[in-house]
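Read through the structure below, which is laid out as structure tokens, and then see the notes.
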Amino acid sequence: MDGAALYQQNCASCHGTELQGQPDWRSLGPDGRLPAPPHDATGHTWHHGDDILFRITRDGTAAVVGGGYESDMPGFGDSLRDAEIRAILDYIKSTWPERERAYQRERTQQE
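In this text, residue positions in the sequence shown follow full-length UniProt numbering: the first is 1, and each later residue adds one.
In structure tokens, the structure reads:
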């Protein structure tokens, strides 16, 4: 399963073809929502363990965060199989420098 191709087909339109995210991703947009963050080492994706990343991708950010949180990140559970979601996440993680990968592995073990 080609995680890079799946990423380009399902994620790149918001998170960027180079995983760079949307401009000013840390600042609320006019709709009161945060733009799509980068998935490269400059973002915060690597701060989360595998379970959280999987659930956000499958169920959507608002469903995982709860408490009325609003996000433009939809859940892909209806359009991607679990194995495809994991392939996308494996691709994203493969682009990180070793320091970020090590930190993320530790977070995963703590979940």
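Built from N, CA and C at the ideal position, the CB exists for glycine as well.
For Ser-71, the three-state DSSP class (helix, strand or coil): The residue given as residue 71 occupies position 71 in the sequence shown. If DSSP states are grouped into helix, strand and coil, Ser-71 belongs with coil.
Reference Ala-41; option with closest CA among Thr-108, Arg-107 and Thr-95: As a position in the sequence shown, residue 41 is number 41, starting the count at 1. Nearest of Thr-108, Arg-107 and Thr-95 to Ala-41, Cα basis: Thr-95.
Same chain, Cβ closer than 6 angstroms to Gly-49, neighbours up to 5 away in sequence not counted: Here the question's residue 49 lines up with position 49 in the sequence shown. Once the five neighbours on either side are set aside, the close Cβ partners of Gly-49 are Arg-107, Thr-108 and Glu-111.
Unbroken stretches of the alpha helix (DSSP H), 4 residues or longer, contained in the region 21 to 54: none
Close-in-space but distant-in-sequence residues of the same chain around Leu-6 (CB under 7 angstroms, 5 per side omitted): As a position in the sequence shown, residue 6 is number 6, starting the count at 1. Hits under 7 angstroms: Glu-84, Ala-87 and Ile-88.
Cutoff 7 angstroms; reference Leu-80; Cβ partners in own chain excluding five residues on either side: If you number the sequence shown from 1, residue 80 lands on position 80. Hits under 7 angstroms: Asn-10.
Residue environment, His-15, which counts as buried when at least 16 other CB atoms sit within 10 Å: Numbered from 1 along the sequence shown, position 15 holds the residue referred to as residue 15. Counting Cβ neighbours within 10 Å, His-15 comes out buried, since at least 16 surround it.
Three-way DSSP call (helix, strand, coil) for Glu-111 in this model: Translated into the one-based positions of the sequence shown, residue 111 becomes position 111. Here Glu-111 sits in coil by DSSP.
Option nearest residue 176 by Cα separation, candidates Ile-92, Ala-102 and Phe-54: The structure shown does not extend to residue 176, since the chain is modelled only from 1 through 111, so no value can be given for it.
Sequence-distant residues of its chain with Cβ nearer than 8 angstroms to His-44 (five each side left out): In the sequence shown, counting from the first residue as 1, residue 44 sits at position 44. Taken in chain order, the residues that qualify are Pro-37.
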